[in-house]
Amino acid sequence: MIPTESTTITPLTTEELAFFKQFGYLIKPKVINAATCNELLDLMWQSAPAALDRFDPETYRPIPKTEWSSDSLRFIQGDKWQYRAFGTDQPLINAMTHPQLWQWGEQLLGKGNLRAPTPGGEPMGSKGPAWPGGPVDPQNTEGVRGIYATLPNPSLQNAQDGLHTDGHPFHFSWVCLLEDCPPESGAFKVWPGSHQRFYPLFPMPYDQTRIPFYDHLPSHKGILHPTAYLDEVKAVEIDTDPVDVWGGQGDVVLWHHRLGHMAGHHKGHQASIRQALLFDYNHIELDAMRCEPTPADFWQHWSPELRAANVTTFSDALMSAQRLGATGKSGP
Ligand SMILES: [Fe+2]
71 MIPTESTTIT
81 PLTTEELAFF
91 KQFGYLIKPK
101 VINAATCNEL
111 LDLMWQSAPA
121 ALDRFDPETY
131 RPIPKTEWSS
141 DSLRFIQGDK
151 WQYRAFGTDQ
161 PLINAMTHPQ
171 LWQWGEQLLG
181 KGNLRAPTPG
191 GEPMGSKGPA
201 WPGGPVDPQN
211 TEGVRGIYAT
221 LPNPSLQNAQ
231 DGLHTDGHPF
241 HFSWVCLLED
251 CPPESGAFKV
261 WPGSHQRFYP
271 LFPMPYDQTR
281 IPFYDHLPSH
291 KGILHPTAYL
301 DEVKAVEIDT
311 DPVDVWGGQG
321 DVVLWHHRLG
331 HMAGHHKGHQ
341 ASIRQALLFD
351 YNHIELDAMR
361 CEPTPADFWQ
371 HWSPELRAAN
381 VTTFSDALMS
391 AQRLGATGKS
401 GP
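Sequential numbering from 71 applies to the sequence shown in my numbering.
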């Protein structure tokens, strides 16, 4: 067992659970200890493209095309370096089942209701992209999604933010910073409260409609987004400020499966690499749950403890810790 930062496991408060319900995410600082983060970084660096030197920040820049890789298990392109092949190795599984994260996960979905990973199982990327030219499906893993690194890219200085929701079925997900990540440096970004707006727009509670791909009918493939959803994406981008979940080594954020989000642009203000461990938690009954019509009760499949958390006024301390400010002006 990897040592944790503290032997004390502390449950989420009712206020934190209610915050997650209302805003769709929750930031928790200093959860994974430095030794664990550094062990994972050591493993990650074994997959580094040759142009990057861990100990020379001058090399922290977009990767030359000669080193790009479309391999779904080790994807390298531009400012992205994403390693998935070790996603079911024991150190990654240990981090995914960190006792503190597992406890919080069980608070959300109920004790004994989290699908356990399989050490040595099939990692994400083993089956290639979900469709030709498409992304890899994160439901196809028996462990984590992988460790995703984002390099400084000054050409993104004026790039606009744009949200999406994930197209695969899952309950909620984690992003864990393995080293310090300054603002506007590639951290995860979330649009607070957007999960409540996107949730009713899909006929299935967890999936998004997928279009089969045919070689002789190549123009239509991937995910079908209804007009109402696309309109709502535009509306959220206009009326809701995203939260940049920058932070320190060991910080984590959990987020609801319908929450609007993006991998932040690393604008290159500092020579840092955003290194994050990503994984999903799923209810053991997801297979049955995903076949139901979208329940009118948003939290029908979640734990009694979460369902009962109905705080509507949040403390200034919590709002500030969640980067919303005391007024919650970025919220819905
Ligand atoms: Fe995503």
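A virtual CB, placed ideally from N, CA and C, is assigned to each residue, including glycine.
Just so you know, these numbers come straight off a predicted model, no measurement behind them.
Across which residues does DSSP place residue i in a beta bridge pair?
i: S255; result: H336
i: C246; result: V322 and L347
i: Y218; result: Q152 and A346
i: G317; result: C251
i: F145; result: Q152
i: S139; result: I146
i: H331; result: H234 and V260
When the Cα atoms are used, what is the spatial distance from residue i to residue j?
i: R280; j: F125; result: 43 Å
i: D386; j: E137; result: 47 Å
i: P187; j: G198; result: 20 Å
i: C246; j: L347; result: 5 Å
i: P177; j: D311; result: According to the sequence shown, residue 177 is Gln rather than Pro. Looking at the two C-alpha atoms, the distance is approximately 28 Å.
i: G148; j: P132; result: 5 Å
i: T106; j: D301; result: 42 Å
i: F258; j: F93; result: 15 Å
i: L87; j: G395; result: 18 Å
i: T211; j: L184; result: 15 Å
i: D350; j: K150; result: 20 Å
i: L248; j: H241; result: 23 Å
i: H286; j: G204; result: 17 Å
i: P273; j: Y130; result: 43 Å
i: Y218; j: F368; result: 30 Å
i: V214; j: L388; result: 29 Å
i: P270; j: A358; result: 19 Å
i: Q278; j: Q209; result: 13 Å
i: L329; j: K91; result: 11 Å
i: H353; j: H331; result: 22 Å
i: D314; j: V260; result: 7 Å
i: L122; j: D141; result: 18 Å
i: N108; j: H290; result: 43 Å
i: Y95; j: F89; result: 8 Å
i: D159; j: T383; result: 42 Å
i: M71; j: L162; result: Bear in mind that a pLDDT of 43 at M71, under 50, signals an unreliable position, so the model cannot answer this.
i: D250; j: V322; result: 12 Å
i: Y276; j: H327; result: 8 Å
i: V303; j: S390; result: 25 Å
i: L82; j: W316; result: 21 Å
i: Q370; j: P239; result: 16 Å
Taking the continuous alpha helix (DSSP H) assigned at residue i, which residues delimit it?
i: I354; result: Neither: I354 is in no alpha helix (DSSP H) and is coded neither H nor E.
i: L96; result: Per DSSP, L96 belongs to no alpha helix (DSSP H); it is in the beta strand (DSSP E), Y95 to K98.
i: I308; result: T297 to D309
i: W115; result: A104 to W115
i: N164; result: Q160 to M166
i: P374; result: P374 to A378
i: S390; result: D386 to A391
Are the C-beta atoms of residue i and some chain B residue less than 7 Å apart?
i: F283; result: In the structure shown, chain B cannot be found, because there is only a single protein chain.
Practice task
State whether the region 229–245 contacts the region 142–160, with contact taken as three or more CB pairs (one from each stretch) at a distance under 8 Å.
Solution key: Too few Cβ pairs lie closer than 8 Å, so no.
Practice task
Pick out the complete alpha helix (DSSP H) segments inside the region 169–234, 4 residues or longer, and give them in chain order.
Solution key: Runs found: 169–179.
Practice task
Ignoring anything shorter than 4 residues or poking outside the region 261–292, list the alpha helix (DSSP H) runs there in chain order.
Solution key: Counting whole runs of 4 or more residues, the region 261–292 contains the alpha helix (DSSP H) stretches 264–268.
Handout entry: Contact the region 108–121 vs the region 180–196: 3+ CB pairs below 8 Å
Key = The region 108–121, when compared against the region 180–196, does not touch it at the 8 Å Cβ threshold.
Exercise for the section: Decide yes or no for the touch test of the region 207–224 against the region 325–336: beta carbon pairs closer than 8 Å, at least 3 of them. Expected result: Yes, since at least three Cβ pairs between the region 207–224 and the region 325–336 fall closer than 8 Å, the two stretches touch.
Problem - Segment contact flag, the region 248–256 with the region 279–294, C-beta cutoff 8 Å, min 3 pairs - result: Touching, no.
Handout entry: At least 3 beta-carbon pairs within less than 8 Å: the region 98–105 vs the region 264–274
Key = Counting Cβ pairs under 8 Å, fewer than three are found: no touch.
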